[in-house]
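A.B. asks: First the structure, which I've put down as structure tokens, then a few questions once you've had a look.
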Amino acid sequence: MRPRLANCAFFFWMQENRERIKKPGMGIADLAKAARIEWQNLSDKSKWEKMAEDDKNRYEKELKLYRNQL
Numbered sequence: 001m002r003p004r005l006a007n008c009a010f011f012f013w014m015q016e017n018r019e020r021i022k023k024p025g026m027g028i029a030d031l032a033k034a035a036r037i038e039w040q041n042l043s044d045k046s047k048w049e050k051m052a053e054d055d056k057n058r059y060e061k062e063l064k065l066y067r068n069q070l
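If you count by full-length UniProt numbering, then the sequence shown holds residues 1 to 70, one letter each, in order.
Have a look at this one:
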């Protein structure tokens, strides 16, 4: 089975913050817009950038193994 693609830093941040940002009656487009604004204004993204880098390395390693099995 092909490996799952790597996630970006924003995705990891969103996983942690979705419930905090979400308000009753808020649609997915409004949630995404509010999250994007918060993300853009965030000064320290290093925690999530590190998670994204680690996930990218995981993906590249798994992809190499996958291709060797073909």
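All residues carry an ideal CB built from backbone N, CA and C; glycine is no exception.
Fair warning: this is a prediction, and the values are worked out from it, not measured in the lab.
#1: Could you pull out every residue in the same chain whose Cβ sits closer than 8 Å to the Cβ of L42, ignoring the five residues on either side in sequence?
#2: Between A6 and M51, which are expected to be in contact by the criterion C-beta below 8 Å, what is the C-beta distance as a whole number of angstroms?
#3: Quick check: the Cα distance between S46 and D54, rounded to an integer number of angstroms?
#4: Between E38 and the rest of its own chain, which residues show a CB-CB distance below 8 Å, the 5 nearest in sequence each way excluded?
C.D. replies: With the structure as the only source:
#1: By one-based count along the sequence shown, residue 42 stands at place 42. Taken in chain order, the residues that qualify are W13.
#2: Taking the sequence shown and counting its residues from 1, the one referred to as residue 6 is at position 6. Taking the sequence shown and counting its residues from 1, the one referred to as residue 51 is at position 51. Incorrect: roughly 10 Å between the Cβ atoms, too far for contact.
#3: As a first step, residue 46 must be located in the sequence shown, where it is residue number 46. As a first step, residue 54 must be located in the sequence shown, where it is residue number 54. Those two C-alpha atoms are separated by around 12 Å.
#4: As a first step, residue 38 is located in the sequence shown; it is residue number 38 there, counting from the start. N17, I21.
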